[in-house]
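A.B. asks:
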Amino acid sequence: MAADDLNYDESQALEERESEQGEEKVTVRTQRPRWYAVQVASGCEKKVKLTLEQRVKTFDLSNIILEVEIPQTPAVKMRKDGSRHSIDEKVFPGYVLIRMALDDDAWQVVKNTPHVINFVGAEQRRAQGRGRGHVKPMPLSAGEVKRIFKQTQEQAPVVKIDMAAGDKITVLSGPFKDFEGEVIEVSPERSKLKALLSIFGRDTPVELEFNQVKKES
Numbered sequence: 000m001a002a003d004d005l006n007y008d009e010s011q012a013l014e015e016r017e018s019e020q021g022e023e024k025v026t027v028r029t030q031r032p033r034w035y036a037v038q039v040a041s042g043c044e045k046k047v048k049l050t051l052e053q054r055v056k057t058f059d060l061s062n063i064i065l066e067v068e069i070p071q072t073p074a075v076k077m078r079k080d081g082s083r084h085s086i087d088e089k090v091f092p093g094y095v096l097i098r099m100a101l102d103d104d105a106w107q108v109v110k111n112t113p114h115v116i117n118f119v120g121a122e123q124r125r126a127q128g129r130g131r132g133h134v135k136p137m138p139l140s141a142g143e144v145k146r147i148f149k150q151t152q153e154q155a156p157v158v159k160i161d162m163a164a165g166d167k168i169t170v171l172s173g174p175f176k177d178f179e180g181e182v183i184e185v186s187p188e189r190s191k192l193k194a195l196l197s198i199f200g201r202d203t204p205v206e207l208e209f210n211q212v213k214k215e216s
């Protein structure tokens, strides 16, 4: 991402114009590319990204819609058998970020992409009648963009485990191998948990690594 993408100067705006889209009226501005957030159907972020990138090629808008991103951070998911699986976790589930020079054509292409709900922006009321007005897309601020992409680039992998207090576990390795117990505390930031194990007939709290245990179904 180029540095000047974060330093948009309002003086670069060339013109503002309005267009009618059926009952909706959208105010758009021809400008240097900005980042916009678009709300999409839950779980459809990747579908929207792929479909929109194809539509950009089809409508020859690659000079208007420049990037489509799903901000993600690395994570490590612990399987039931204690093994680790690297995954990417969405920073903003249900949203896709688009860098574009907003105009009517680009707005229509994005808005009409399957599973897209709407741009994030300011709702403008209808001049007449009832019902909700349309949403005027609002670009993300330079600070928001910088913070989001810094987070995706610098965040260390977070360990995710499908365990919670009360779950039954079996120890896979270490001095307590084959012991069974109950989880009393989970610490994802440390990749550890505490469990009550029956040692010499007494429930004893023991700290274990995530990869030392498996969850019993």
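Numbering that gives the first Met the number 0 numbers the first residue of the sequence shown as 0 and each following residue consecutively. The beta carbon of each residue, even a glycine, is placed where N, CA and C say it ideally should be. Please read these numbers as outputs of a predicted model, since none were measured by experiment.
Could you pull the start and end residues of the alpha helix (DSSP H) that Lys45 belongs to?
C.D. replies: Glu44 to Thr57
A.B. asks: Does the distance from the CB of Val39 to the CB of Val119 come in under 8 Å?
C.D. replies: The Cβ atoms of Val39 and Val119 do not sit closer than 8 Å to each other.
A.B. asks: If you reduce the DSSP assignment to three classes, tell me which class Ile147 lands in.
C.D. replies: helix
A.B. asks: Assess, as a yes-or-no matter, whether the segment 143-151 is touched by the segment 168-184 under the definition of 3 or more beta carbon pairs within less than 8 Å.
C.D. replies: no
A.B. asks: Taking just the CA atoms, how far does Lys56 sit from Glu122?
C.D. replies: 30 Å
A.B. asks: Where does Asp202 sit, in a helix, a strand or coil, going by DSSP?
C.D. replies: strand
A.B. asks: Does the Cβ of Asp166 have 16 or more other Cβ atoms within 10 Å, making it buried, or fewer, making it exposed?
C.D. replies: buried
A.B. asks: Could you check which residue in Lys214, Lys135 and Tyr35 has the C-alpha nearest to that of Ile69?
C.D. replies: Nearest in C-alpha terms to Ile69, of all of Lys214, Lys135 and Tyr35, is Tyr35.
A.B. asks: Please name the residue or residues paired with Gln71 in a DSSP beta bridge.
C.D. replies: Lys89
A.B. asks: Please report the distance separating the alpha-carbon of Ser61 from that of Asp103.
C.D. replies: 15 Å
A.B. asks: Give me, in chain order, the residues of the same chain whose beta-carbon lies closer than 6 Å to that of Asp202; leave out the 5 immediate sequence neighbours on both sides.
C.D. replies: Leu195
A.B. asks: Run through the segment 150-194 for me and flag every whole alpha helix (DSSP H) of 4 or more residues, listed as ranges in chain order.
C.D. replies: none
A.B. asks: Of all the options Phe199, Gly200, Ile198 and Asn210, which has the alpha carbon lying nearest to the alpha carbon of Leu192?
C.D. replies: Asn210
A.B. asks: To the nearest angstrom, how far is the alpha carbon of Trp106 from that of Lys149?
C.D. replies: Lys149 has its alpha-carbon roughly 27 Å from the corresponding atom of Trp106.
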